[in-house]
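Residue numbering for the sequence shown follows our numbering, starting at 23 and increasing by one per position.
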Amino acid sequence: MKVTEMWKKKPPTISFEFFPARNAEAAEKLERVIDQLAITEPDFVSVTFGAGGSTRDGSRQLIDRLKNDLKLEVMAYFAGYGLGPDDIQGVMDSYLDLGVDNVLVVRGDPPHGQPDFKPHPASLVHASDMLEFIRPRYNFCLGAAGYPEGHIEAESKPKDLEYLKLKVDKGAEYIITNYFYDNRYYFDFVATCRRLGLKVPIVPGIMPIFSLKMMNHLAKLCGASISGDLRSRLAALPEGDIPALLNFGIDFAFEQCKELIVAGAPGLHFYTMDRSQSTTGVLARLRQEGLI
Ligand SMILES: Cc1cc2nc3c(=O)[nH]c(=O)nc-3n(C[C@H](O)[C@H](O)[C@H](O)COP(=O)(O)OP(=O)(O)OC[C@H]3O[C@@H](n4cnc5c(N)ncnc54)[C@H](O)[C@@H]3O)c2cc1C
23 MKVTEMWKKK
33 PPTISFEFFP
43 ARNAEAAEKL
53 ERVIDQLAIT
63 EPDFVSVTFG
73 AGGSTRDGSR
83 QLIDRLKNDL
93 KLEVMAYFAG
103 YGLGPDDIQG
113 VMDSYLDLGV
123 DNVLVVRGDP
133 PHGQPDFKPH
143 PASLVHASDM
153 LEFIRPRYNF
163 CLGAAGYPEG
173 HIEAESKPKD
183 LEYLKLKVDK
193 GAEYIITNYF
203 YDNRYYFDFV
213 ATCRRLGLKV
223 PIVPGIMPIF
233 SLKMMNHLAK
243 LCGASISGDL
253 RSRLAALPEG
263 DIPALLNFGI
273 DFAFEQCKEL
283 IVAGAPGLHF
293 YTMDRSQSTT
303 GVLARLRQEG
313 LI
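As structure tokens, this is what we get:
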């Protein structure tokens with residue numbers, strides 16, 4: 023089923039992002055996580071794709087497991103950085119074979135730890151170019167990534183939004199956002215997109231805090247700002263108390279989700295980091311309050 027149909031029928035949708043396991047131990051853990059999250063009956067799940075094709079097989083296997091064994095609706099990601107037209111078609115054909123209806127197209131970044139990686143000479147530069155290539159060839163329900171705080175490399179926020187509009191003009195039917203810790207970024211972003219004439223659903227990404235190290239690392243990598251107030255609240259927690267941090271992360275994400283739903287967000291897309299506890303904690307609170 024196309025996700026755009028879901029947003030017409032039943033907002034807010036609940037969805038989870040997974041990434042393919044890197045080894046056998048992680049694969050076993052991921053199976054348990056998927057079991058724990060599948061029982062919450064998400065509207066769809068998504069699977070990341072390592073830029074440069076680095077997780078091509080792992081992504082395909084995970085999509086197959088989720089879609090065809092567990093019968094979950096899947097949004098397959100595609101990160102086209104460095105890939106030539108034949109590679110792009112190869113991945114899209116494999117998604118078609120797996121029965122995928124929804125594909126989120128991102129540019130991706132140069133693959134980590136592969137200093138010798140050479141982009142294909144005919145590789146496409148931006149996600150908008152990839153969407154333009156895929157749109158006339160496949161009937162997927164295509165989406166793109168959006169950045170409420172601006173993409174980390176963006177020349178400026180207005181330029182970033184101009185390019186976001188280009189992604190929609192080239193075929194993106196919905197936007198999934200990077201996560202943020204202050205809903206005002208999302209609300210301002212949506213308001214500006216609407217002013218620019220973007221009518222597609224804009225689904226907020228949610229990343230519950232579960233580790234300070236990971237929070238700081240990811241925030242630097244993808245430009246999610248951490249306010250002074252959030253830092254003080256985190257600093258007030260007992261040092262090294264992991265359950266206290268987890269509970270704080272659940273409370274904080276719950277408050278964010280509650281405000282987003284009340285304001286009419288079409289869905290909540292959880293960056294699970296292949297963990298279940300925080301996401302199930304937030305969902306339980308939302309259910310308790312009758313918000314989902
Ligand atoms: C929901 C979501 C899912 C993601 N999934 C994955 C994944 O599975 N695998 C992965 O590797 N990464 C993933 N990413 C990360 C993403 O690949 C990076 O953020 C990447 O740096 C940018 O991707 P993009 O599609 O936004 O690129 P683009 O839209 O190409 O934008 C990249 C930069 O170029 C600028 N730009 C865009 N178009 C143009 C243009 N035509 N001319 C000049 N400048 C332009 C933009 O302002 C921006 O600064 C995901 C991100 C999100 C938010």
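Idealized CB from N, CA, C, for every residue including glycine.
From a predicted model like this one, the values you see are computed outputs, not experimental measurements.
In DSSP terms, what M152 is bridged to:
M152 pairs with nothing; no bridge assigned.
Can you tell me where the beta strand (DSSP E) with G303 in it begins and where it stops?
Counting along the chain, G303 falls outside any beta strand (DSSP E), though it belongs to the alpha helix (DSSP H) covering 299-310.
Excluding the five sequence neighbours on either side, which residues of its own chain have a C-beta within less than 7 Å of the C-beta of N205, listed in chain order?
Q278, E281, L282
Examine ligand 1 and report whether any of its heavy atoms sits within less than 7 Å of the Cβ of R78.
no
Is the beta carbon of L256 closer than 8 Å to that of L234?
yes
When you measure from the CB of A166 to every non-hydrogen atom of ligand 1, does any distance come out below 7 Å?
yes
From which residue to which residue does the beta strand (DSSP E) around A275 run?
No beta strand (DSSP E) contains A275, which is instead part of the alpha helix (DSSP H) from 264-284.
Shortest alpha-carbon distance to V113 belongs to which of G135, T199, D79?
D79
Touch test, the stretch 259-270 against the stretch 185-198, Cβ-Cβ under 8 Å, three pairs minimum:
no
Any non-hydrogen atom of ligand 1 within 7 Å of M175 CB
The question names Met, yet the displayed sequence has Glu at residue 175. Checking the Cβ of E175 against ligand 1 gives yes.
Thinking C-beta only, is V96 closer than 8 Å to N124?
yes
What I want to know is whether the C-beta of R44 ends up closer than 7 Å to one or more non-hydrogen atoms of ligand 1.
no
I think R297 touches F232, with their Cβ atoms under 8 Å apart; what is that distance to the nearest whole Å?
7 Å
Should R157 and G102 be called a contact, given that it needs their Cβ atoms to be closer than 8 Å?
no
Between the CA atoms of N161 and L313 - distance to the nearest angstrom
33 Å
What do you get for S178, buried or exposed, if any count of 16 or more other CB atoms within 10 angstroms of its CB means buried?
It is exposed - the Cβ of S178 has fewer than 16 other Cβ atoms within 10 Å.
What residues in its chain sit with their C-beta under 8 Å from that of E311, if we drop five residues either side in the sequence?
Cβ within range, chain order: K280.
In the DSSP output, which residue or residues are listed as bridge partners for E95?
None; E95 has no bridge partner.
Bridge partners of S68, per DSSP?
E39, M97
Between Y208 and T199, how many whole angstroms is the CB-CB distance? I'm expecting something under 8 Å.
7 Å
Are the CB atoms of P226 and W29 within a distance shorter than 8 Å?
no
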